[in-house]
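Engineer:
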Amino acid sequence: MTTRTCCVCLGAGGILAAGLAGGLAAYLQGGLPAAAAERRPDHFRYIPADAHFVAFADVRAVMTSDLSSRMRDRLPVDDEPDFESRTGIRVASDIDEVVVSLVPAPSDAANLLLMLSGRFDRERLESLAIEHGGAVSEYRDHALIATNVGDSRLALAFVEPEVLAVGSEALVHDALDLVDGGDNLTANTRLMTLLARVDPGSDAWAIGALDHPGATAWMPQGLDPRALRVSAFTVAGRVNGGIRLALEAETPDEAASQNLRDILQGFIALARMQAGAQPEVAGILDSMQLRATPGEQVVHLSMTLPPATLEWLWDRALEGAGAAGSVDPELPPPPAGPAAGDPGGNDAPARRQDRQDR
Amino acid sequence: MLSFGRAAVRVFDLSLGEMLWSRRTVFMAVVAGGPMVIAVALRIAATSAAVRLTGSPGPSFALGGPDIFGLMIWAFYLRFTVPVLGVFYGTSLIADEVEDGTLTYLFSRPIPRGAILVGKYLAYLVCTSVVVLPSVVVVYFSVVPLFGGSVGAGFPSLVVDLGLIGVGLAVYGAAFAFVGARLRRPLLSGLLFIFGWEPVVVLVPGYMKNLSVAYYLQGLVPHAAPQDEPMTLLRSALQTFDAAPAAWVCLLALAVIWAVTLGAAVLTVERREYVLER
Numbered sequence: 000m001t002t003r004t005c006c007v008c009l010g011a012g013g014i015l016a017a018g019l020a021g022g023l024a025a026y027l028q029g030g031l032p033a034a035a036a037e038r039r040p041d042h043f044r045y046i047p048a049d050a051h052f053v054a055f056a057d058v059r060a061v062m063t064s065d066l067s068s069r070m071r072d073r074l075p076v077d078d079e080p081d082f083e084s085r086t087g088i089r090v091a092s093d094i095d096e097v098v099v100s101l102v103p104a105p106s107d108a109a110n111l112l113l114m115l116s117g118r119f120d121r122e123r124l125e126s127l128a129i130e131h132g133g134a135v136s137e138y139r140d141h142a143l144i145a146t147n148v149g150d151s152r153l154a155l156a157f158v159e160p161e162v163l164a165v166g167s168e169a170l171v172h173d174a175l176d177l178v179d180g181g182d183n184l185t186a187n188t189r190l191m192t193l194l195a196r197v198d199p200g201s202d203a204w205a206i207g208a209l210d211h212p213g214a215t216a217w218m219p220q221g222l223d224p225r226a227l228r229v230s231a232f233t234v235a236g237r238v239n240g241g242i243r244l245a246l247e248a249e250t251p252d253e254a255a256s257q258n259l260r261d262i263l264q265g266f267i268a269l270a271r272m273q274a275g276a277q278p279e280v281a282g283i284l285d286s287m288q289l290r291a292t293p294g295e296q297v298v299h300l301s302m303t304l305p306p307a308t309l310e311w312l313w314d315r316a317l318e319g320a321g322a323a324g325s326v327d328p329e330l331p332p333p334p335a336g337p338a339a340g341d342p343g344g345n346d347a348p349a350r351r352q353d354r355q356d357r
Numbered sequence: 000m001l002s003f004g005r006a007a008v009r010v011f012d013l014s015l016g017e018m019l020w021s022r023r024t025v026f027m028a029v030v031a032g033g034p035m036v037i038a039v040a041l042r043i044a045a046t047s048a049a050v051r052l053t054g055s056p057g058p059s060f061a062l063g064g065p066d067i068f069g070l071m072i073w074a075f076y077l078r079f080t081v082p083v084l085g086v087f088y089g090t091s092l093i094a095d096e097v098e099d100g101t102l103t104y105l106f107s108r109p110i111p112r113g114a115i116l117v118g119k120y121l122a123y124l125v126c127t128s129v130v131v132l133p134s135v136v137v138v139y140f141s142v143v144p145l146f147g148g149s150v151g152a153g154f155p156s157l158v159v160d161l162g163l164i165g166v167g168l169a170v171y172g173a174a175f176a177f178v179g180a181r182l183r184r185p186l187l188s189g190l191l192f193i194f195g196w197e198p199v200v201v202l203v204p205g206y207m208k209n210l211s212v213a214y215y216l217q218g219l220v221p222h223a224a225p226q227d228e229p230m231t232l233l234r235s236a237l238q239t240f241d242a243a244p245a246a247w248v249c250l251l252a253l254a255v256i257w258a259v260t261l262g263a264a265v266l267t268v269e270r271r272e273y274v275l276e277r
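As you go down the protein sequences, you meet chains E and P in turn. Residue numbers in the first sequence follow numbering that gives the first Met the number 0, run continuously in steps of one, and reach 357 at the last position. Residue numbers in the second sequence follow numbering that gives the first Met the number 0, run continuously in steps of one, and reach 277 at the last position.
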């Protein structure tokens, strides 16, 4: 074998070996449940291990996306500044990530915990909470503000200077307990296995295990995925102009997986028949890909929401919200306020108050 | 006389350099470089502002990076590059020596005749692998990260695809080595087989598809085969009562094809009396 032949073979072998080594390293970093936990949000360490639902949103990535700016342009002008003036939080720039978790509660309901990371005006938030009836107490060297909302007791506390825990008081206590270590969400192998299936490039995702009592208590009345024999699910979305969504539903056996796939296929077919006059909806339906993995008993559904369709849906949602907030002619007129007699029809303050009340 | 193994290694050593620096390699580089160019162009286009979907109203990314990679493996490599390289190189292993009139020199050496074919076959495998497999790796790293794909998550499929391409090169090469050793115009027969016979029989119901290599390769790449392509729909419509074979059946069938055709090629070279045209 001549030297140049040898060099070509070694060069090609080198490219191949480098590619395989790089791919293997990426796989080991992202493919295993334990590794998945390591590269997932840091706030997992404040979430109790018995959580059965976790959702994550990279707020910064979403809010700085092109899609978000287009959606904000379509909002009524007085929406965001109000929230900002009250809390000092500018969602678009001050919040980096949000993690939502649900933990089963003895009362067959679910306890909610939100972990928000970003830059917050701590004093302003605490004084706002106190203004609304919150009581300040000390728990594990952290200031904890708790208040009653309906039948629930909610609390908020800063577990780190830039990480805020909000939710059921018991869960905020748990989060503060976990500051010094303990069994956290990364010890939940069920959720970590589901998490390993989520595309690491997703800007937002949710995973949930539904195969134990009380796991669906948080869902709306009438929506019980266990009727379809769904034992777990993952949903992941990536924003890039439009949104690419990937959903996976896990079933206990292959027959259930096939049944679920057939049901979904039927719904999609029915929707396609109905959506002839709506090109935006037809576009979503055309992008849907449905498949079942026989060995894993998982049904996959992916779809793409192009920018035009999202804008259309956003406008419909805003119209719906406007209709919901409109004054019913049958009802007595609202009490006269500063904007009631505005001849130009400028009822923005009244609408703002209405939104706050709601 | 040298033993069969040592003789094959000597022929391999001699043939690899000849094969790698022949004009045929330019053709192979073009065939294997096409998908690379497409992949790199796709990557550049996807990362440029024009195709970042910032204002395009259409369905932005109906396919993710791994889907595109799967389609490229299926359409460019398994359905085109691998069979074409198998035909061009496999049929030429002996036919070129016959055509050039140099087979006499090889046969007059104190080595088993079959070792000549085996040595050349091994040189073909190394030569094609050296060009095609790195090209697959480049395509993988260019395409898979697009539109939300993950290099790590898709790594098992890369390994499977590299293995399948290797298997495809081995089986097609062995089959066409036999054709080259047996028939007078092997290239024409080979091209008819891969572009005429195989595309048709894999679509037609019945047992005819069992007489193709593509059918068994196809059975091993469910992740790469397009799900919504018209051809797939047509195939699924035609194959209502015909399930795809299991992976072990496909592997076994490919192993049998490889062993039978390579064995037959060796026997043919051992026994056949080649008449060189003047």
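Note that CB positions come from ideal geometry on N, CA and C, so glycine has one too. Only a predicted model underlies this, so the values are computations on that prediction, with no experimental measurement involved.
In chain order, what residues of the region 192-210 of chain E put their CB closer than 8 Å to some CB of chain P?
Structural biologist: Against chain P - using a Cβ distance shorter than 8 Å - the residues of the region 192-210 of chain E are 198, 199, 200 and 201.
Engineer: Is DSSP giving residue 52/E helix, strand or coil here?
Structural biologist: In the structure shown, residue 52/E sits in a strand (DSSP, three-state: E or B).
Engineer: Please check if any C-beta of chain P sits within less than 7 Å of the C-beta of residue 366/E.
Structural biologist: Outside the displayed range of chain E (0 to 357) lies residue 366/E, so it cannot be described from this structure.
Engineer: Have a look at 76/P, 252/P and 10/P and flag the residue whose alpha-carbon is nearest the alpha-carbon of residue 174/P.
Structural biologist: The shortest Cα separation from residue 174/P among 76/P, 252/P and 10/P belongs to 252/P.
Engineer: Determine, using beta-carbon pairs with one atom in the region 195-204 of chain P and one in the region 108-115 of chain P, whether at least three such pairs fall under 8 Å.
Structural biologist: The region 195-204 of chain P vs the region 108-115 of chain P: no contact.
Engineer: Label residue 133/P either buried or exposed according to how many other C-beta atoms from any shown protein chain fall within 10 Å of its C-beta, with 16 as the threshold for buried.
Structural biologist: So residue 133/P ends up on the buried side.
Engineer: Starting from the C-beta of residue 308/E, find all residues in its chain whose C-beta is less than 8 Å away, skip the five residues before and the five after it, and write them out in chain order.
Structural biologist: Same-chain partners within the cutoff: 241, 279, 280, 282 and 283.
Engineer: Under 8 Å Cβ-Cβ, which residues of chain P neighbour residue 265/E?
Structural biologist: Within chain P, no residue comes near residue 265/E; the closest Cβ sits about 18 Å away, beyond 8 Å.
Engineer: Who are the near neighbours of residue 91/E in its chain, counting only those whose CB is closer than 7 Å to its CB and skipping five residues on each side?
Structural biologist: The residues are 62.
Engineer: Straight-line CA distance for residue 257/E to residue 244/E?
Structural biologist: Each residue's alpha carbon lies about 21 Å from the other.
Engineer: How would you list, in chain order, the residues of chain P whose beta-carbon sits under 7 Å from the beta-carbon of residue 0/E?
Structural biologist: The answer, in chain order, is 12, 15 and 16.
Engineer: Can you check DSSP and say which residues form a bridge with residue 93/P?
Structural biologist: The partner list for residue 93/P (beta bridge, DSSP) is empty, contrary to what the question assumes.
Engineer: Is there a Cβ of chain E sitting closer than 7 Å to that of residue 129/P, yes or no?
Structural biologist: Yes - at least one Cβ of chain E is within 7 Å of the one on residue 129/P.
Engineer: Could you check whether the region 50-57 of chain E touches the region 201-210 of chain E, counting it as contact only if at least three pairs of C-beta atoms, one from each stretch, sit closer than 8 Å?
Structural biologist: Yes, the region 50-57 of chain E touches the region 201-210 of chain E.
Engineer: On the DSSP bridge list, what partners appear for residue 209/P?
Structural biologist: DSSP, once it has assigned bridges, lists no residue as partnering residue 209/P.
Engineer: Given residue 167/P, which residues of its chain have a CB within under 7 Å of its CB, disregarding the five upstream and five downstream residues?
Structural biologist: Correct list, in chain order: 77, 81 and 216.
Engineer: Taking CB distances under 7 Å as the criterion, tell me whether residue 150/P reaches chain E.
Structural biologist: Yes - at least one Cβ of chain E is within 7 Å of the one on residue 150/P.
Engineer: Specify, as a first and last residue, the run of the beta strand (DSSP E) that residue 138/E falls within.
Structural biologist: Residue 138/E -> beta strand (DSSP E) spans 134-138.
Engineer: From the beta carbon of residue 22/E, is the nearest beta carbon of chain P less than 7 Å away?
Structural biologist: Closer than 7 Å: yes.
Engineer: Specify the secondary structure class of residue 4/E as computed by DSSP and reduced to three states.
Structural biologist: DSSP places residue 4/E in helix when its eight states are reduced to three.
Engineer: Is it right to say residue 247/E is buried, meaning 16 or more other beta carbons lie within 10 angstroms of its own, or is it exposed?
Structural biologist: It counts as buried.
Engineer: My understanding is that residue 166/E touches residue 120/E, with C-beta atoms under 8 Å, so please give their C-beta distance in whole angstroms.
Structural biologist: At roughly 20 Å, the Cβ-Cβ gap does not stay under 8 Å, so residue 166/E and residue 120/E are not in contact.
Engineer: Which residue marks the beginning of the alpha helix (DSSP H) containing residue 186/E, and which one marks its end?
Structural biologist: Here residue 186/E belongs to no alpha helix (DSSP H), and DSSP marks it neither H nor E.
Engineer: Considering just the uninterrupted stretch of the alpha helix (DSSP H) at residue 70/E, what are its terminal residues?
Structural biologist: That run of the alpha helix (DSSP H) goes 65-72.
Engineer: Which residue comes first and which comes last in the beta strand (DSSP E) that contains residue 18/P?
Structural biologist: It is not in any beta strand (DSSP E) - residue 18/P instead sits in the alpha helix (DSSP H) that spans 3-19.
Engineer: Assess, as a yes-or-no matter, whether the region 172-187 of chain P is touched by the region 83-94 of chain P under the definition of 3 or more beta carbon pairs within less than 8 Å.
Structural biologist: Yes, since at least three Cβ pairs between the region 83-94 of chain P and the region 172-187 of chain P fall closer than 8 Å, the two stretches touch.
Engineer: If you draw a straight line from the alpha carbon of residue 75/P to that of residue 164/E, how long is it in whole angstroms?
Structural biologist: Cα-Cα distance, rounded: 52 Å.
Engineer: Does the beta carbon of residue 138/E come closer than 7 Å to any beta carbon on chain C?
Structural biologist: The displayed structure is made up of protein chains E and P, and chain C is not among them.
Engineer: Using a Cβ cut-off of 7 Å, pull out every chain P residue sitting near residue 15/E, in sequence order please.
Structural biologist: Correct list: 132, 133 and 136.
Engineer: Relative to chain P, which residues along the region 42-57 of chain E have a C-beta separation below 8 Å, given in chain order?
Structural biologist: Flagged: no residues at all.
Engineer: Going along the chain, which residues of its own chain have a beta-carbon closer than 7 Å to the beta-carbon of residue 181/P, five neighbours each way excluded?
Structural biologist: If we look at residue 181/P and ignore the five residues flanking it on each side, its Cβ neighbours are 267.
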